[in-house]
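Chain order of the listed sequences is A and B.
For the first sequence, position 212 (counting from the first letter as 1) is numbered 221 according to our numbering, and the numbering increases by one without interruption.
For the second sequence, position 342 (counting from the first letter as 1) is numbered 351 according to our numbering, and the numbering increases by one without interruption.
From the three backbone atoms N, C-alpha and C, an ideal C-beta is built for every residue, glycine too.
Here's the structure, in structure tokens; my notes come after.
Protein chains: 2
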Amino acid sequence: MVVDDLVRSPGSWLSMRRDTGIVISSRIRLARNLKDEPFPGWAGDSDRIRICSSLLDLFRRIPDFEDALFFDMSTIAAVDREVLQERHLISHDLAARPAGSALVLSRSEQMAIMINEEDHLRMQAFSPGMGLMTLLKRLDQVDTRLESHVEFAFDVRLGYLTSCPSNLGTGLRASVMMHLSGLRLMDEIEPVIKGLDKLGIAVRGLLGEGTDAYGNLFQISNQTTLGDSEAGIVQRLTRVVEEIAVHEENARARLWESRRNRLEDHVARSLGLMLHARLMPSREAVDLLSGLRIGVDFGLVSNLTVAQINEIMILIQPGHLQKMTGRVIDSDERDALRADVLQKKLKHVTMAA
Amino acid sequence: MVVDDLVRSPGSWLSMRRDTGIVISSRIRLARNLKDEPFPGWAGDSDRIRICSSLLDLFRRIPDFEDALFFDMSTIAAVDREVLQERHLISHDLAARPAGSALVLSRSEQMAIMINEEDHLRMQAFSPGMGLMTLLKRLDQVDTRLESHVEFAFDVRLGYLTSCPSNLGTGLRASVMMHLSGLRLMDEIEPVIKGLDKLGIAVRGLLGEGTDAYGNLFQISNQTTLGDSEAGIVQRLTRVVEEIAVHEENARARLWESRRNRLEDHVARSLGLMLHARLMPSREAVDLLSGLRIGVDFGLVSNLTVAQINEIMILIQPGHLQKMTGRVIDSDERDALRADVLQKKLKHVTMAA
């Protein structure tokens, strides 16, 4: 079964580029709806199933997707939906309403199209590091290709129509995952977040809307989709991300200058706990991996790359652990297994001499 | 200089008996004052110096003390007073008013007599594990010997007179240091402490009066010194300590039974942090050593004894670290040095297979 194969490794795109340090990954999604069809939230199951299967047929006919994987949410196990969710390929909402929902996934996991989530189509593209403009071009091609086959709900004044008004217009959400340990360790993250809010930029935690930022990972995205072009939105967000990265680099430089022993202590403790703990809750693991991440960036850690950290981040999530054991395990067992996986993955890692 | 020799090892008595587990050490002190002499708090420096030197002369003439070490507080360095305090041989008050104060210390550090602390004589005896009755006999001998040379302030109705009314009567304070990790980890320590308070038993933290209990170390002592014989006080406290030890053993049994994985995690994390941290504050070190202590008691840890833990506890204190470097070091340097000492002392320690 295909989800089983996924579990063994992270999306290959996560290790495609050299270590990216501060900007971990980029993501763009476009929301589109078919003209004259009920939106997924209002559609009954039979309509959803009909729409879903016609969209799947459409993708199967498009050359770009001849290699793609097709997941019918209603026929795959709950744990498999969990795995897809942990890989950020599908949303919680898609997993929660499997009837008439599907995922079209490119082999490299760089493109993931949700069918009948909040909108008929949620087309997502991912890249390591900063890659928003490339992603936009890639999605634009798919969008254009689709529009030669189907007509999308569109209003001359409002643009693309979406279930939620916050997506009206371009239907585009661009987001970048940033690792802002320097600002966090220097206690300077709050003003940065407040400043972004004033600019109409949303800052969220690792797991998206409504979640705390942990592991010092922040998702930076546009809040408005209306009143600007796709390229305009992406250019604006890119500039903001570059500016945040400069702040982060400055914070790191000062951290190195003035608190190097605290930084080393932070990294060494993170490693020590992961090498020794017997029970490792998910949230703590992400926090400790953040400690290793900045350690790698500063060259304080040997035998570890950022790509390996990204891989570990994905593998230690509950659904992935569950798939690994092949049976249902409770939270204590999961914490024990997570501790075990971390010890194995990190056993050759040391502090740099 | 003699204090320098002390720094290199703990009091030899701490490793005299096999590992004691729950009851770490016992201590008795007798408070005595010379008749017709002003109490130390009221005496001027010249009186204090005169009384101190006559008492030192007296001890030098008693055969039991021919081997003893004599420390004149006014001639030793502040850091040496700190070292003596960290070994629980002198009090903060004695260190704070060095003029006319002294310490008479047996070579094994099992007897430490403070001169001109709150009372003219504060005679203390120490033993590993539970040893109150033996200590009482030992101090009684010294007391009797002294009374053949000098007359103590004594009232037929009140007993021995002391500076503070709380010591009137026997002038005896018996205390036992207990490691109550089981009760703490099972969240059952609070009712035990409340019960002891009702029995007129004082519970204090590691560093005596007014300090928090940390490292799960609790000092259990009698609150009243009046209205009972020396032996009566000691017997009563011994019974109480035995009862607490039973509670602690029960808690440990249930911990092993029902939360073994949490216990192992607790021990392994304590070890991991001490092996890796680059900065180790004093308080955290004591807490982590408590984790190792219960690990040793349960056989979860290899290549470590309780006696070694007791030794480490003493060596990593600020004054001891300062003596080790031979120069004044700030708190960050101390934390770095403490981390270093812990890594060296524990480098062969592992979790038992």
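Given that a residue counts as buried once 16 or more other Cβ atoms are within 10 Å of its Cβ, and exposed if not, what is residue 179/B? Counting from 1 along the second sequence, the entry for residue 179/B is found at position 170. It is buried - the Cβ of residue 179/B has at least 16 other Cβ atoms within 10 Å.
Spatial neighbours of residue 151/A within its chain, please: CB distance less than 7 Å, with the 5 preceding and 5 following residues excluded, ordered by chain position. Walking along the first sequence from the start, residue 151/A turns up at place 142. Only 73 and 132 meet the Cβ criterion.
Proximity test, Cβ basis, 8 Å: residue 349/B and chain A: Here the question's residue 349/B lines up with position 340 in the second sequence. By this cut-off, residue 349/B is not an interface position.
DSSP three-state label for residue 27/A, please. Taking the first sequence and counting its residues from 1, one reaches residue 27/A at position 18. For residue 27/A, the predicted model reports a pLDDT of 42, less than 50, meaning its position is unreliable and no value from the coordinates is stated.
With DSSP collapsed to three states, give me the class of residue 228/B. The residue you call residue 228/B lines up with position 219 of the second sequence. Three-state DSSP puts residue 228/B in a strand.
Simplified DSSP state of residue 238/A, which is helix, strand or coil: Residue 238/A sits at position 229 when you count from the first residue of the first sequence. Here residue 238/A sits in coil by DSSP.
Mapping the DSSP letters down to three states, classify residue 129/A as helix, strand or coil. Here residue 129/A refers to the residue found at position 120 when the first sequence is read from its first residue. Coil.
Please confirm if residue 287/B has its CB atom under 8 Å from at least one CB of chain A. On the second sequence, residue 287/B is found 278 positions in, with the first residue counted as 1. Closer than 8 Å to some Cβ of chain A, the Cβ of residue 287/B qualifies, so yes.
How big is the Cα-Cα spacing for residue 59/A and residue 78/A? Mapped onto the first sequence, residue 59/A falls at position 50. Mapped onto the first sequence, residue 78/A falls at position 69. Rounded to the nearest angstrom, the two C-alpha atoms are 19 Å apart.
Please list the partners that residue 345/A has in chain B, where partner means a Cβ-to-Cβ separation under 9 Å. Counting from 1 along the first sequence, the entry for residue 345/A is found at position 336. By Cβ distance, chain B contributes 270 and 274.
Neighbour-count burial assignment, residue 312/A, 16 or more Cβ in a 10 Å radius: By one-based count along the first sequence, residue 312/A stands at place 303. Exposed.
Through-space distance from residue 196/A to residue 255/A, alpha-carbon basis: Within the first sequence, numbered from 1, the residue matching residue 255/A stands at position 246. Within the first sequence, numbered from 1, the residue matching residue 196/A stands at position 187. Near 16 Å, if we compare the C-alpha coordinates of residue 196/A and residue 255/A.
Run down chain B in chain order and give the residues with a C-beta less than 8 Å from the C-beta of residue 362/A. Working through the first sequence from its first residue, we reach residue 362/A at position 353. Result: empty, since nearest Cβ-Cβ is about 14 Å, beyond 8 Å.
Alpha carbon to alpha carbon, how far is residue 298/B from residue 224/B? Give it in angstroms, no decimals. Along the second sequence, one-based indexing puts residue 224/B at 215. Along the second sequence, one-based indexing puts residue 298/B at 289. Looking at the two C-alpha atoms, the distance is approximately 7 Å.
For residue 98/B, the first and last residue of its enclosing beta strand (DSSP E): Translated into positions along the second sequence, residue 98/B becomes position 89. Note, residue 98/B: premise wrong, no beta strand (DSSP E); not H, not E.
Among residues of its own chain, excluding the 5 on either side of residue 10/A, which ones have a beta-carbon nearer than 7 Å to its beta-carbon? In the first sequence, residue 10/A corresponds to position 1, counting from 1. Only weak support is given to the placement of residue 10/A: the predicted model assigns it a pLDDT of 42, under 50, and the question is left unresolved by the model.
Could you have a look at residue 111/A and say whether DSSP puts it in helix, strand or coil? Stepping through the first sequence from its first residue, residue 111/A is reached at position 102. Three-state DSSP puts residue 111/A in a strand.
Do residue 285/A and residue 281/B have their C-beta atoms within less than 8 Å of each other? In the first sequence, counting from the first residue as 1, residue 285/A sits at position 276. In the second sequence, counting from the first residue as 1, residue 281/B sits at position 272. Yes, they are a contact pair.
Given residue 99/B as reference, the closest of 12/B, 30/B and 174/B once Cα atoms are compared: Along the second sequence, read from residue 1 onward, the residue named residue 99/B stands at position 90. Of 12/B, 30/B and 174/B, the residue nearest in Cα terms is 12/B.
Measuring CB atoms only, is the segment 156 to 163 of chain B touching the segment 27 to 46 of chain B, in the sense that at least three cross pairs come out at less than 8 Å? yes
Opposing strand residues paired with residue 390/A [DSSP bridges]: The structure shown does not extend to residue 390/A, since chain A is modelled only from 10 through 362, so no value can be given for it.
Quick check on residue 345/B: buried or exposed, where buried means 16 or more other Cβ atoms within 10 Å of its Cβ? Translated into the one-based positions of the second sequence, residue 345/B becomes position 336. Buried, because 16 or more other Cβ atoms sit within 10 Å of the Cβ of residue 345/B.
If you count every other CB in all the chains shown that lies within 10 Å of the CB of residue 314/B, and 16 or more means buried, which is it? What you label residue 314/B is simply residue 305 of the second sequence in a count that begins at 1. Label assigned to residue 314/B: exposed.
With 8 Å as the threshold, decide whether the Cβ of residue 277/A is near any Cβ in chain B. Here the question's residue 277/A lines up with position 268 in the first sequence. For residue 277/A, the answer is yes, since a Cβ of chain B falls inside 8 Å of its Cβ.
Any C-beta of chain A sitting closer than 8 Å to the C-beta of residue 281/B? Here the question's residue 281/B lines up with position 272 in the second sequence. It does: the Cβ of residue 281/B has a partner Cβ on chain A nearer than 8 Å.
Given residue 201/A, which residues of its chain have a CB within under 7 Å of its CB, disregarding the five upstream and five downstream residues? Within the first sequence, residue 201/A is the residue found at index 192, counting from 1. These residues qualify, in order along the chain: 192, 253 and 256.
Determine the chain B residues that contact residue 341/A at a beta-carbon separation under 8 Å, and present them in chain order. Working through the first sequence from its first residue, we reach residue 341/A at position 332. Result: 270.
Which bits of chain A does residue 330/B rub up against, with CB to CB less than 7 Å? Sequence index remark: in the second sequence, residue 330/B carries index 321 (1-based). Under the 7 Å cutoff, chain A gives no residues; its nearest Cβ is about 16 Å from residue 330/B.
The segment 140 to 161 of chain B: positions lying closer than 9 Å to chain A by Cβ: none
Look at the alpha carbon of residue 204/B and the alpha carbon of residue 175/B, and state the distance between them as a whole number of angstroms. What you label residue 204/B is simply residue 195 of the second sequence in a count that begins at 1. What you label residue 175/B is simply residue 166 of the second sequence in a count that begins at 1. Residue 204/B and residue 175/B: Cα-Cα distance of roughly 21 Å.
Quick one: does residue 205/A have its CB under 8 Å from some CB of chain B? Position 196 of the first sequence, counting from 1, holds the residue named residue 205/A. No, no contact with chain B.
Using the DSSP secondary-structure output, state which residues sit across from residue 78/B in a beta bridge. To locate residue 78/B, count along the second sequence from 1; it is residue 69. Residue 78/B pairs with 114/B.
May I have the straight-line CA-CA distance separating residue 355/A from residue 331/A, to the nearest angstrom? As a position in the first sequence, residue 355/A is number 346, starting the count at 1. As a position in the first sequence, residue 331/A is number 322, starting the count at 1. Their Cα atoms are separated by approximately 20 Å.
Counting only Cβ pairs nearer than 8 Å, list the residues of chain A close to residue 428/B. This structure cannot settle anything about residue 428/B, because the visible part of chain B is limited to 10 through 362.
Going along the chain, which residues of its own chain have a beta-carbon closer than 8 Å to the beta-carbon of residue 4/B, five neighbours each way excluded? Since the first residue shown for chain B is 10 and the last is 362, residue 4/B is missing from the structure and cannot be characterised.
Residue 300/B burial status per 10 Å Cβ neighbour count (16 or more: buried): As a working note, residue 300/B is residue 291 in the second sequence. Residue 300/B comes out buried.
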